[in-house]
Structure formats: C-alpha cells, structure tokens
C-alpha cells in the first residue's frame, strides 16, 4: 500500500480527521492563532473563546439548564418516542474545533432512515445541488412532531450534553454536518474556536443565507469575542426562539 493509499484508508468515514498530516497543515495555515488573554490582555494568553473560564462557565450553565428543564426534556422524549418509529435522540456527526468530528445530540425530528435518503433529495437543496450546506424547505423526511420541534428549536436542547462533555460551548459557530475537507481555505478560520448552540447567525434573523455569509458572521464573532458578547447573544436567543423566526 502506497503512502497516499494509507492516508485515504486512515481518513475513511468514521476515522478521526486529525491524523492526516496534510490536512493538519492546511488547518494550521488557515487558522489565526489568537494570542491575547481575554481577561488580562497579556500576549500569549488564551482568548475568551478557548479559555478555561469559558469551558467552566459553559459546562455549569448547561448543567443548570438541563436541571431546570428536566421535566420538559422528559416530556419531549416521550413525545418523540411514541409519535414515530425510531430512537428518541439523533446523533449526527458534526465538525467542531480544529476540524475534529464529534457526535452532536438532538431530538430526532426525521424518519429513522433520513440520512440514507439525503442524497436522493440533494436536487431539492435550497442552496443548490452542489452546495456544501444542505437545507430543504418542507423537507419530506421531517415528522409532524419533528416539524414542531424544529420550529420551536426544542430539538436542539440535547446539544447541552455536548456542552457538558466539552465538544461545544453555549455560544459559537454552528457545527457543520460536512467535514473540514469540504471547507474552502477561507472557511477554516471558523474552526479556530469551539462550535456553539447559538451565535450571531441565530440572532441575526438571516436564516436563508448561504454558508459563505454564515462564515462572515462567524468571523465577526471571533473578532469581537468576549464574555459580554456571549451574554448578549444568550439573552437575545430566547426571543428569536419564541418568535420562531427563521426556523424550519
């Protein structure tokens, strides 16, 4: 087996993309290494988005929300369970910090074989059949209960588990369902921080923008990152959720 074939074998679906040295070099070249401490302003310190403080605050916040909304989560789980065949939770492979692939938890909103049907529906992608982002208006795979969960964004509540485990933060770029190999070089900068449950895109009201425009918002967040910006985003998010604006 040649070196090229070994790399392809290593990076087969289900394997950790971090082991590909060429891809790591591409990431390193694109990701801006921020070196100013978020609290002290000291060069060489950690910025807010990758600080230990952010990790602790996000974890404690997620645990508190899980505790408060435990009855609601249980009720939604029963609703999903008895409304259609299949598991309660859907665990989808998503791309996170520095291109690392992790399983993101959501309440299942689609039929059990939704992923197998994806390619047959690619021609309906609102961003174009060849676009890396995949979204369909009135997706036929969505169950009636799933449509309600998506419209209210309640299907995202299990993301809190990912915040507790450290794969996500409360605020940050939304993790993509396609891996970092499909990112353009100018997209890779969004992988310099941890993905989040909510962010500038969610509160902007711009639900139909393409991936390039989403990246612009992510870069604005990275440039302006701070504890205060996170608090502002977190306070505005419920209003967008309750209004149902931009949900599908």
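Numbering (the UniProt record's numbering), first residue to last: 1 to 248.
Backbone N, C-alpha and C define an ideal beta-carbon position, used for all residues, glycine too.
Per DSSP, what kind of secondary structure is residue i in: helix, strand or coil?
i           : result
residue 168 : coil
residue 246 : Caution is warranted here: a pLDDT of 48 is assigned to residue 246, below 50, making its placement in the model unreliable, and the coordinate value is therefore given only provisionally. Coil.
residue 213 : helix
residue 225 : coil
residue 111 : coil
residue 240 : helix
residue 81  : helix
residue 234 : helix
residue 103 : strand
residue 75  : helix
residue 139 : coil
In the DSSP assignment, find the alpha helix (DSSP H) that holds residue i and state where it starts and stops.
i           : result
residue 66  : 52-68
residue 146 : 144-152
residue 25  : 21-30
residue 203 : 200-204
Since residue i and residue j are thought to touch, with beta carbons under 8 Å apart, how far apart are those beta carbons, to the nearest angstrom?
i           : j           : result
residue 105 : residue 179 : The pair is not a contact, with the Cβ atoms about 19 Å apart (cut-off 8 Å).
residue 90  : residue 108 : 4 Å
residue 96  : residue 194 : 6 Å
residue 230 : residue 171 : 4 Å
residue 280 : residue 156 : Since the displayed the chain opens at 1 and closes at 248, residue 280 lies outside it and no answer follows.
residue 80  : residue 145 : 6 Å
Tell me where the beta strand (DSSP E) around residue i begins and ends.
i           : result
residue 191 : Here residue 191 belongs to no beta strand (DSSP E), and DSSP marks it neither H nor E.
residue 91  : 89-95
Whose C-alpha, out of the options, is nearest the C-alpha of residue i?
i           : options            : result
residue 152 : 238, 113, 224, 190 : 238
residue 166 : 23, 53, 29         : 53
residue 99  : 175, 62, 228       : 175
residue 48  : 199, 141, 242, 225 : 225
residue 289 : 87, 101, 139       : Since the first residue shown for the chain is 1 and the last is 248, residue 289 is missing from the structure and cannot be characterised.
Check whether the Cβ of residue i lies closer than 8 Å to any Cβ atom in chain C.
i           : result
residue 188 : Protein chain content of the structure displayed is limited to a single chain, and chain C is not contained in it.
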